[in-house]
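Undergrad: Quick note on numbering: full-length UniProt numbering labels position 482 of the sequence shown as 482, and the sequence is numbered without any gaps.
C-beta: ideal position from N, C-alpha, C; glycine also.
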Amino acid sequence: MSEQNSERKATLPQAKDLSVEEQSALTSGTNPWSIGRVEGKGLPNYTITDGPHGLRKARDLDGMDVDAAVPATCFPPAAGMSSSWNPELIKKTGEAMGEECVQEQVAVILGPGVNIKRNPLGGRCFEFWSEDPYLAGHEAIGEVEGIQSKGIGTSLKHFAANNQETDRLRVNARISERAMREIYLPAFEHIIKNAQPWTVMCSYNRINGEYASQNSWLLTDVLRKEWGFKGIVMSDWGAVHDRAAALNAGLNLEMPPTHTDDKIVQAVRDGQVKPEQLEAMSQGMIDLVAKTQPAMEKGAAGYRYDVDEHDEIAREAAREAMVLLKNEDGLLPVKPGTKLAVIGEFARTPRYQGAGSSLINPNKLTSFLDALKDRGVEAEFAPGFTLDGDEQSQELTDEAVNAAESADTVLLFIGLPAEAESEGFDRTTLDIPAKQIEVLKAVSAVNKNVVVILSNGSVVSMPWADQAKSILECWLLGQAGGAATADVVFGDVNPSGKLAQTIVNNLDDDPSMLNWPGEEGHVDYGEGVFVGYRYYDSFHKAVTYPFGYGLSYTTFDISEVNAQKSGPQSVHVTAMVTNTGSMAGAEVVQVYVAPPACRVDRPVHELKAFKKVFLEPGQSQEVSFDLDSRAFAYWSERFEDWKVEGGSYGIEVGDSSRSIAQTVPVQLDDDGKRMKLTKWSTYGEWREDPDGNKILDKVISELEAKYGHAIIPDSQLIIMFLKSAPLGGMSMVLGANEAQDICERALAEYAKIGR
Numbered sequence: 001m002s003e004q005n006s007e008r009k010a011t012l013p014q015a016k017d018l019s020v021e022e023q024s025a026l027t028s029g030t031n032p033w034s035i036g037r038v039e040g041k042g043l044p045n046y047t048i049t050d051g052p053h054g055l056r057k058a059r060d061l062d063g064m065d066v067d068a069a070v071p072a073t074c075f076p077p078a079a080g081m082s083s084s085w086n087p088e089l090i091k092k093t094g095e096a097m098g099e100e101c102v103q104e105q106v107a108v109i110l111g112p113g114v115n116i117k118r119n120p121l122g123g124r125c126f127e128f129w130s131e132d133p134y135l136a137g138h139e140a141i142g143e144v145e146g147i148q149s150k151g152i153g154t155s156l157k158h159f160a161a162n163n164q165e166t167d168r169l170r171v172n173a174r175i176s177e178r179a180m181r182e183i184y185l186p187a188f189e190h191i192i193k194n195a196q197p198w199t200v201m202c203s204y205n206r207i208n209g210e211y212a213s214q215n216s217w218l219l220t221d222v223l224r225k226e227w228g229f230k231g232i233v234m235s236d237w238g239a240v241h242d243r244a245a246a247l248n249a250g251l252n253l254e255m256p257p258t259h260t261d262d263k264i265v266q267a268v269r270d271g272q273v274k275p276e277q278l279e280a281m282s283q284g285m286i287d288l289v290a291k292t293q294p295a296m297e298k299g300a301a302g303y304r305y306d307v308d309e310h311d312e313i314a315r316e317a318a319r320e321a322m323v324l325l326k327n328e329d330g331l332l333p334v335k336p337g338t339k340l341a342v343i344g345e346f347a348r349t350p351r352y353q354g355a356g357s358s359l360i361n362p363n364k365l366t367s368f369l370d371a372l373k374d375r376g377v378e379a380e381f382a383p384g385f386t387l388d389g390d391e392q393s394q395e396l397t398d399e400a401v402n403a404a405e406s407a408d409t410v411l412l413f414i415g416l417p418a419e420a421e422s423e424g425f426d427r428t429t430l431d432i433p434a435k436q437i438e439v440l441k442a443v444s445a446v447n448k449n450v451v452v453i454l455s456n457g458s459v460v461s462m463p464w465a466d467q468a469k470s471i472l473e474c475w476l477l478g479q480a481g482g483a484a485t486a487d488v489v490f491g492d493v494n495p496s497g498k499l500a501q502t503i504v505n506n507l508d509d510d511p512s513m514l515n516w517p518g519e520e521g522h523v524d525y526g527e528g529v530f531v532g533y534r535y536y537d538s539f540h541k542a543v544t545y546p547f548g549y550g551l552s553y554t555t556f557d558i559s560e561v562n563a564q565k566s567g568p569q570s571v572h573v574t575a576m577v578t579n580t581g582s583m584a585g586a587e588v589v590q591v592y593v594a595p596p597a598c599r600v601d602r603p604v605h606e607l608k609a610f611k612k613v614f615l616e617p618g619q620s621q622e623v624s625f626d627l628d629s630r631a632f633a634y635w636s637e638r639f640e641d642w643k644v645e646g647g648s649y650g651i652e653v654g655d656s657s658r659s660i661a662q663t664v665p666v667q668l669d670d671d672g673k674r675m676k677l678t679k680w681s682t683y684g685e686w687r688e689d690p691d692g693n694k695i696l697d698k699v700i701s702e703l704e705a706k707y708g709h710a711i712i713p714d715s716q717l718i719i720m721f722l723k724s725a726p727l728g729g730m731s732m733v734l735g736a737n738e739a740q741d742i743c744e745r746a747l748a749e750y751a752k753i754g755r
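1) Can you check whether the CB of Asp388 is closer than 9 angstroms to the CB of Ser24?
2) Name the residue from Ile711, Thr166, Phe159 and Thr93 whose alpha carbon lies nearest to the alpha carbon of Cys202.
3) Per DSSP, what kind of secondary structure is Tyr592 in: helix, strand or coil?
4) Can you check which of these residues, Gln564, Tyr305, Ala584 and Ala136, is closest to Lys157 by C-alpha distance?
5) Could you tell me the alpha carbon to alpha carbon distance between Glu165 and Ser358, rounded to whole angstroms?
6) Can Tyr649 and Val733 be called in contact, C-beta distance under 9 angstroms?
7) Got a sec? Which residues, its chain only, sit under 6 angstroms from Ala371 by beta carbon, not counting five neighbours each side?
8) Might you give, ordered along the chain, the residues of its own chain that have their beta carbon closer than 7 angstroms to the beta carbon of Asp628, omitting 5 neighbours on each side?
9) Applying the criterion that 16 or more other CB atoms from any shown protein chain within 10 Å of the CB defines a buried residue, is Arg755 buried or exposed?
10) For the candidate residues Ile719, Cys743 and Leu717, whose alpha-carbon lies nearest to that of Gly729?
11) Any contact of the stretch 45-52 with the stretch 451-467, i.e. 3+ C-beta pairs under 8 angstroms?
12) Going by C-alpha distance, which of Tyr553, Gly98 and Pro120 is nearest Leu325?
13) Quick check on the burial criterion: 16 or more other C-beta atoms within 10 angstroms. Buried or exposed for Ile109?
14) Report yes or no: is there a C-beta of chain B within less than 9 angstroms of the C-beta of Tyr525?
15) Name, in chain order, the residues that DSSP records as bridge partners for residue 759.
16) Assign Thr397 to one of three DSSP states: helix, strand, or coil.
17) Count the other CB atoms within 10 Å of the CB of Glu645; is the residue buried (16 or more) or exposed (fewer)?
18) In or out: Leu219 buried (at least 16 other Cβ within 10 Å) or exposed?
19) Take the Cβ of Trp475 as the centre, count every other Cβ of all protein chains shown within 10 Å, and call the residue buried at 16 or more, exposed below.
20) Between the Cα of Asp426 and the Cα atoms of Phe126, Val70, Tyr525 and Ser559, which residue gives the shortest distance?
21) Please state the DSSP three-state secondary structure of Tyr707.
22) I'd like the list of long-range same chain contacts for Trp227, defined as Cβ closer than 7 angstroms, with 5 residues on each side in sequence excluded.
23) Would you report the Cα separation of Asn579 and Arg375, rounded to the nearest angstrom?
24) How many angstroms separate the CA atom of Glu391 from the CA atom of Ala420?
25) Does DSSP put Ala407 in a helix, in a strand, or in coil?
26) Helix or strand or just coil, what does DSSP make of Ala484?
27) Using a 10 Å radius around the Cβ and a threshold of 16 neighbouring Cβ atoms, would you call Lys706 buried or exposed?
28) If you check the beta carbons only, do Trp635 and Arg181 fall under 9 angstroms apart?
29) Report the option in Ala661, Leu477, Pro595 and Gly654 whose CA atom is closest to the CA atom of Gly548.
30) So is His310 buried or exposed if we call it buried at 16+ other beta carbons inside 10 Å?
31) Give me the residue from Ala96, Gly29, Gly356 and Glu297 with the minimum Cα distance to Ala69.
32) Which whole-angstrom value describes the C-beta separation of Ser213 and Val171, a residue pair presumed to lie in contact below a C-beta threshold of 8 angstroms?
33) Pick from Ala295, Thr682, Arg674 and Gly692: whose alpha carbon is nearest that of Lys643?
34) Can you tell me the Cβ-Cβ gap for Val561 and Ala584, rounded? I've got them flagged as a contact below 8 angstroms.
35) Taking the alpha-carbon positions, what's the Ser496 to Gly330 distance?
36) Who pairs with Asp524 in a beta bridge, going by DSSP?
As structure tokens, this is what we get:
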């Protein structure tokens, strides 16, 4: 805490000086969007609002109307921002969001959301970052750092395993601890350890039977004790089922208020909640007030942000969010003098954000047609289709075909209408509405130069891809998306986005579909750690476009990859990246780690580092990465810790998960962590342990001398049986006396070495 905040904290009451009633009041909101007030104690009422890609401050703080919000800048949602692979740009948008919070005197903005895109049907995929936890954590941290640099709190959400909308308020996510540690927690862990968000929001769902809001393993053991989190934990709206149990588990704040403070007071008196626990939880709320007070005073003094400057930042972000998926014959960028037909209602009525609690009331909005007008570019426009659920109009199709026939190039805007994806429900298909595809087929039949420009919050199926020469995936681009799209289409800006989520050929290829979305209140995460590209690449599944993929108007070469061991379980990596084309642009150098054969099944490779590099034509730059032990570790449920096995690891450097320029092997040491051996450890486990193996050799040799014959039969079949038999249960294979002697002597020898 800064010296200034320490002084402010000293002027505020401390929880120990408050009554139980006042402490209880601090652990619940004062209305649906306000926290902190205790009458007569100098604790003000502070506002918190939805995010996470802009400020959604309700005009009526006593209501829950998500449509009635003050105007604010709508930046690209996470589906787009994640494709930038640019944490510094994301931090810049965070700084702008923080400034808007200062003006509106909003103390905490609810975001970012770093839940993993387990399944592409997830209704809230537009609001989350990636199928990969490393990418999600290393991008979203920029938003946290940017917002909090302005004295505004963030709320990292939804902690944890909130990976579907179906039954989200109560579903029991049954997940192995290994999958939790390797897939669903690392994005949270990275941000908490390196940026200390001021708040964390727990999710609605249950995790292995326990609601997140009252899960002490999650909120106290992992979050606070293991990761060192210093802030407060708040509930998602309505996620608290037992307020006393939630307080005991480590929840500081229930939202919105349920007006049950008297029950907490009684719970303290009855011994259900310890007084010191309530005091600690309420003190966290006072500390939050102290952190945010300077920014709130600045806002009250009349601070104003620059609306035009923030719109330009939104435009810059949108430019880097776009992913060029296909570009036959260099159709993009559009050449000067090209006669254009612009087809598709999205060009006139942009889909720029998702629906639900993140819905922003934009202070500006530029469509692609607006951007053409601003540029003085003439083009024939045909809406092609409507955005409602009506059947396709032949008149609209004919109009689109006529426009296409008379044009050199068609810019066709298609995608998902707002009602197709939203918070609150999951999608049932990856398909774009059929009437839009009808228009694509009709247009491509009369004009082969078709550029498809997509508007969607999550991946869509693309069986129609061969009917377009170019495909530009624009996701949801925020309020300046129309202008940014024009910047890319006309070549003012070179597209540099990379996919943060695999685009699959068939939904049935997704491993989570076997357990999606669950049944009877439960969902089993049966795919374990094999999520997204970890599964597709490991099992050689054909995909439409792989994770990390994205084209450019220029070309790049990645060469001179070098990987050197820098410690027992760490590696220093360098590579040279060169712009070999004729246009300035950016490449994302991606580093994947391919493990050796291990005790557990592991993905064929995993992303462990990346860097975005902007280069002029002909320019080269060396990039470097330092991979620590976590880059090579898996979570061992036997050790209940991270484990690095010794062996040869492949350091893969490329520009997507399926485009590896070079692989360099590096031999790493085992970290030396060993499981304690017992009589219930198998014969195979004893043999795999260096100490256990020596002990068995010694004991068996001594017993063979005692009995005068071989103790372990020279039979491969018997050896296979023994490998899976506990040391104390080998009598099923060996003689009872021999088996008992081996077990007792081995345990006695093992006790001598003090492990």
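TA: Taking the definition as stated:
1) Judged by their CB atoms, Ser24 and Asp388 are not nearer to each other than the 9 angstroms cut-off.
2) Phe159
3) strand
4) Lys157 has its Cα closest to that of Ala136, out of Gln564, Tyr305, Ala584 and Ala136.
5) 15 angstroms
6) no
7) Gly482, Ala483 and Ala486
8) Ser570
9) exposed
10) Cys743
11) Segments in contact, no.
12) Tyr553
13) buried
14) Going by chain labels, chain B is absent from the structure shown, which holds only one protein chain.
15) Given that the chain is displayed from residue 1 to residue 755, the structure contains no residue 759 and the question cannot be resolved.
16) helix
17) buried
18) buried
19) buried
20) Phe126
21) Tyr707 carries a helical assignment under DSSP once its states are collapsed to helix, strand and coil.
22) Glu189, Ile192 and Lys193
23) 29 angstroms
24) Roughly 16 angstroms between the two C-alpha positions.
25) coil
26) helix
27) exposed
28) yes
29) If we check each option's Cα against that of Gly548, Gly654 comes out closest.
30) buried
31) Gly356
32) With a Cβ gap of about 14 angstroms, Ser213 and Val171 do not count as contacting.
33) Comparing Cα-Cα distances from Lys643 to each of Ala295, Thr682, Arg674 and Gly692, the minimum goes to Arg674.
34) Between Ala584 and Val561 the Cβ distance is about 24 angstroms, and since that is not below 8 angstroms, they are no contact.
35) 16 angstroms
36) Arg174
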